[in-house]
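Using my numbering, the first residue of the sequence shown is number 86, and each one after it goes up by one.
Report on the structure given below.
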Amino acid sequence: MSRVKGQEILKLQWQQSLADYVTAIVWFPLKAALPANSLVAGSAAGEVVCYLPTDSGIESLSLQSSTDESIDCLAISTDGQFVAAGGQSGEVKIWQLGTDAEPELVANLDNAPAWVDRMAWNPHRNQLAFSLGRYVQVWDAIENEVVATLNFENSTVLDITWHPDGDRLTVAGYQGIKVWSAQDWDEDPYLIAIPSASNLIAWSPDGKYIASGNIDRTIAVIEWENMGQPWVMRGFPNKIRQLVWSDTALKRGAPLLASSSSESIVVWEKHLDENVGWEGKVLGQHDAFVEAMQFQPGDSLLATASKDGWVVLWQKLNRIAQMLEGASNGFSALSWQPKGQQLAAGGQSGELVVWSKVSRGQGFGR
Numbered sequence: 086m087s088r089v090k091g092q093e094i095l096k097l098q099w100q101q102s103l104a105d106y107v108t109a110i111v112w113f114p115l116k117a118a119l120p121a122n123s124l125v126a127g128s129a130a131g132e133v134v135c136y137l138p139t140d141s142g143i144e145s146l147s148l149q150s151s152t153d154e155s156i157d158c159l160a161i162s163t164d165g166q167f168v169a170a171g172g173q174s175g176e177v178k179i180w181q182l183g184t185d186a187e188p189e190l191v192a193n194l195d196n197a198p199a200w201v202d203r204m205a206w207n208p209h210r211n212q213l214a215f216s217l218g219r220y221v222q223v224w225d226a227i228e229n230e231v232v233a234t235l236n237f238e239n240s241t242v243l244d245i246t247w248h249p250d251g252d253r254l255t256v257a258g259y260q261g262i263k264v265w266s267a268q269d270w271d272e273d274p275y276l277i278a279i280p281s282a283s284n285l286i287a288w289s290p291d292g293k294y295i296a297s298g299n300i301d302r303t304i305a306v307i308e309w310e311n312m313g314q315p316w317v318m319r320g321f322p323n324k325i326r327q328l329v330w331s332d333t334a335l336k337r338g339a340p341l342l343a344s345s346s347s348e349s350i351v352v353w354e355k356h357l358d359e360n361v362g363w364e365g366k367v368l369g370q371h372d373a374f375v376e377a378m379q380f381q382p383g384d385s386l387l388a389t390a391s392k393d394g395w396v397v398l399w400q401k402l403n404r405i406a407q408m409l410e411g412a413s414n415g416f417s418a419l420s421w422q423p424k425g426q427q428l429a430a431g432g433q434s435g436e437l438v439v440w441s442k443v444s445r446g447q448g449f450g451r
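Written as structure tokens, this is what we have:
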């Protein structure tokens, strides 16, 4: 990929490093008690580290040092109190953080030899869902115990996400997506049938649509309140590796959906004609697999991170606005700060890079 010249949107703010490649980055929510613009990162060496801005720079707070067993998923509760981490060891560790006290390990759920690679906090309650082979468990921070164990049955759990209202837990795997009610875990789940297997699921922020990235190289989009035939997108070079929604609705009444398959990136926009469904626009491609992507909160600026060593900002869905570097062996993770003022990316060699919005910058709009 060739470097482009243009208006600078983001500039380097700070850079740190971990012992091995960065597997996950999560910013603390705005309501968290920690200093604003704090984040947590995990690595393939097993590290879990919080980075806290101070008047004199960046303070690092280690929750877990290197264990030689990778951290594969991180999640922070909506109120910012709890940080959860899972990975190769099978342990799910949950720390409680505050402004005046050292982090406290409040739970250590040992599920070895299961490999925990998916987890998500309920957006409205302090309940954490995480994968365990064919099962999903739900841990409640108030009760400090597992309150539900859900059997997907058909296969290993491939993805987990909550509906934005927090009342439904959505689990993906072989031949479908199962939706459990958080009001009654014993009730049979609703099944959304997928002919092959769903390996990625994402709810639109308004909860109106659910998108599924499938192993048979298709994307299915379903309108939740109108469970008719799904819209299906085909023709991808490989399985869908990334699937993200924008958080703003466009003139057509639906947010944008972005997908990646191998090196290529496509953004989908809902057509006015229901029979047409969703129209795709190919933005271009990296020179290696896209490892992470996310829309800037409140806007349609899309950031993508690739093993080719570039983080690319795509503007107005038709051109590259800026290319960022800082990972000598390629990037592995990416995350926007909740207000969209900062962007963090992790590298294959342990780099953790944070850029901030240039104050004079224009062009974040579509």
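The C-beta atom is built at its ideal place from N, Cα and C for all residues, glycine as well.
Are residue i and residue j close, meaning C-beta to C-beta below 8 Å?
{"i": "I286", "j": "I295", "result": "yes"}
{"i": "I262", "j": "G298", "result": "no"}
{"i": "S413", "j": "S434", "result": "yes"}
{"i": "V111", "j": "L95", "result": "no"}
{"i": "Q222", "j": "A233", "result": "yes"}
{"i": "S174", "j": "L437", "result": "no"}
{"i": "W346", "j": "F321", "result": "The residue you asked about is not Trp; residue 346 is Ser in the sequence shown. Yes, they are a contact pair."}
{"i": "L235", "j": "W288", "result": "no"}
{"i": "W247", "j": "W316", "result": "no"}
{"i": "N239", "j": "G258", "result": "yes"}
{"i": "M378", "j": "L387", "result": "yes"}
{"i": "V397", "j": "A430", "result": "no"}
{"i": "I307", "j": "I277", "result": "yes"}
{"i": "P208", "j": "P249", "result": "yes"}
{"i": "L341", "j": "E359", "result": "no"}
Ordered along the chain, which non-local residues of its own chain (more than five positions away) have a Cβ less than 7 Å from that of residue i?
{"i": "G165", "result": "F113, P114, K116, A117, A118 and L119"}
{"i": "D195", "result": "G175 and E176"}
{"i": "P85", "result": "Lying outside 86 to 451, the shown extent of the chain, residue 85 is not represented and no answer is given."}
{"i": "G450", "result": "In this prediction, G450 has a pLDDT of 37, which is less than 50 and means its spatial position is unreliable; what the coordinates show is noted afterwards. Same-chain partners within the cutoff: D384."}
{"i": "A160", "result": "V111, A169, M204, A205, W206 and L213"}
Give me the Cβ distance between residue i and residue j, rounded to the nearest whole Å; I'm assuming they're in contact under 8 Å.
{"i": "D332", "j": "G383", "result": "7 Å"}
{"i": "W440", "j": "Q427", "result": "7 Å"}
{"i": "A170", "j": "V133", "result": "5 Å"}
{"i": "T265", "j": "G292", "result": "According to the sequence as given, residue 265 is Trp; it is not Thr. Not really, about 16 Å apart at Cβ, beyond 8 Å."}
{"i": "A418", "j": "V107", "result": "5 Å"}
{"i": "V367", "j": "S349", "result": "7 Å"}
{"i": "V352", "j": "A343", "result": "5 Å"}
{"i": "K392", "j": "E410", "result": "That belief does not hold up - the Cβ atoms of K392 and E410 are roughly 13 Å apart, past 8 Å."}
{"i": "S145", "j": "Y136", "result": "6 Å"}
{"i": "A226", "j": "S162", "result": "7 Å"}
Looking only at its chain, what residues have a beta carbon closer than 6 Å to the beta carbon of residue i, apart from the 5 residues adjacent to it on each side?
{"i": "W180", "result": "L148, V168, P188 and L190"}
{"i": "A214", "result": "A205, V221, V223, I245 and L254"}
{"i": "P138", "result": "P120 and N122"}
{"i": "M318", "result": "I304"}
{"i": "Q370", "result": "E348 and S349"}
Within the same chain, show all residues whose beta-carbon is closer than 8 Å to that of residue i, passing over the 5 residues directly before and after it, in chain order.
{"i": "G453", "result": "Because the chain here runs from 86 to 451, residue 453 falls outside it and cannot be looked at."}
{"i": "G172", "result": "T108, G127, G131, E154, S155, I156, D157, C158, W200, V201 and D202"}
{"i": "V242", "result": "R203, S216, L217, G218, R219, Y220, V221, V256, A257 and G258"}
{"i": "N284", "result": "L243, D244, A257, G298, N299, I300, K324 and I325"}
{"i": "E230", "result": "W224"}
{"i": "G415", "result": "A373, E376, S391, K392, D393, G394, G432 and Q433"}
List in chain order: all unbroken beta strand (DSSP E) runs of 3+ residues lying wholly within the stretch 278–355. 294–299, 304–308, 316–318, 327–334, 340–346 and 349–355
Quick one: complete beta strand (DSSP E) runs, 3+ long, within the stretch 167–234? 167–172, 176–181, 189–195, 204–206, 212–217 and 220–225
Continuous beta strand (DSSP E) assignments of at least 3 residues falling wholly in the stretch 361–408: 363–370, 375–380, 387–391 and 396–400
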